[in-house]
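Residues in the sequence shown are numbered from 363 upward in steps of one, following our numbering. In what follows, a single structure is set out as structure tokens and then discussed.
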Amino acid sequence: MKRTHTAHILFIAILFIIVAASGCVKTDEGEEITTLSIGYQPSTHQLAHVTAMEKGWWKHDLAPFGIEEVTDKQFPSGPPEMQAMLAGDLDIAYVGSAPPITAIAQGLDAKVVACVNTNGSDLVLRPEIDYPTPEDLKGLTIATFRAGSIQDTVFKKWLIDNN
């Protein structure tokens, strides 16, 4: 729990530093940005963002930098969140590792600035399933988030490592 709490604080601190380092936030045309739009997914991975929105921390902490409004948009997974960022509908994406790599390869002008959650994806089995080794999962139906999501990427890597 302490590690997750530290990661959430680190994320907020890094975002704060980015905005502070930029002085007044401006567009490429030199116009000041007064609204930030943050994308997120409704899962335990994004609890820091949800908490910051509900408590008004984003708006309060970013106000000294000219940010008057912070909005958020919910997405079912990372790939559609990255599509929204590619379309210019988001300023910040709280997302897993795999989707931004794909989006940056497709031309998204962005960078990953912080890792905020290193745990949270689990393999959950019904109690009657015996699981001493990965081999015991052969023939079972396994659900995960869509292709390109961090859960899908981690699961596919796990399958390769345990084939």
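All C-beta atoms, glycine included, are put in the ideal place defined by N, C-alpha and C.
Closest to residue i by C-alpha separation, out of the options, would be which residue?
i: ASP484; options: GLU490, ILE512 and LYS473; result: ILE512
i: LEU452; options: ILE395, CYS477, VAL478 and ILE522; result: ILE395
Measure the CB-CB distance between residue i and residue j and report whether it falls below 7 Å.
i: GLY401; j: GLU443; result: yes
i: VAL432; j: LEU487; result: no
Between residue i and residue j, what straight-line distance do the alpha-carbon atoms span, to the nearest angstrom?
i: LEU448; j: LYS473; result: 13 Å
i: LYS518; j: LYS500; result: 14 Å
i: HIS407; j: THR503; result: 24 Å
i: GLY450; j: ASP471; result: 10 Å
i: VAL516; j: ASN525; result: 14 Å
i: GLN445; j: ALA465; result: 8 Å
i: GLU416; j: ILE463; result: 29 Å
i: TRP520; j: ILE454; result: 29 Å
i: GLU430; j: TRP419; result: 12 Å
i: GLY428; j: GLY392; result: 14 Å
i: VAL478; j: ALA410; result: 9 Å
i: GLU490; j: ALA476; result: 39 Å
i: ASP523; j: ASP514; result: 14 Å
i: PRO494; j: ALA467; result: 39 Å
Please return the same chain residues whose Cβ sits closer than 7 Å to the Cβ of residue i, not counting the five positions on each side in sequence.
i: ASP492; result: ASP498
Given residue i, which residues of its chain have a CB within under 6 Å of its CB, disregarding the five upstream and five downstream residues?
i: GLN403; result: PHE437
i: PRO496; result: ASN524
Once you ignore the five residues that flank residue i on each side, which residues in its own chain have a CB closer than 8 Å to its CB?
i: ASP434; result: SER399, ILE400, GLY401, TYR402, HIS411 and MET415
| Touch check for the stretch 426–441 and the stretch 498–517: three-plus C-beta pairs under 8 Å? | yes
| request: Take every Cβ of the stretch 446–463, pair it with every Cβ of the stretch 422–430, and state whether three or more of those distances are shorter than 8 Å. | output: no
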